[in-house]
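Shown next, in structure tokens, is the structure this report addresses.
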Amino acid sequence: MSFKISASSFFQVNPLQREVLYNKALELARIKNNETVVDAYCGIGTIALFFAHQAKQVIGV
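Right under this line is the structure:
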């Protein structure tokens, strides 16, 4: 996955830590493939995109 971001955008710049953090969040969320996930305050949507393969639907707000 790649993103084009501006200087004023928030982005987790450490890709190794981002992967660890997102995998832990995914583990703790226990998402089932028939569930809808809401990513509130999703910013550019990196977590929503990461969770998309697990859930039926992901909505980023």
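67 is the number that this note's numbering gives to position 9 of the sequence shown; each next residue is one higher, with no gaps. Think of the CB as a built atom: it goes at the ideal place given N, C-alpha and C, for glycine as much as any other residue.
Assigned with DSSP and collapsed to three states, V78 falls in helix. By the beta-carbon neighbour count (other beta carbons within 10 angstroms, threshold 16), A87 is exposed.
I117: member of the beta strand (DSSP E) spanning Q115 to G118, first to last residue. A Cβ-Cβ separation of about 7 Å places I102 in contact with I63 under the 8 Å criterion. Each of L84, Q112 and P73 was checked against the Cα of N92, and the nearest Cα belongs to Q112.
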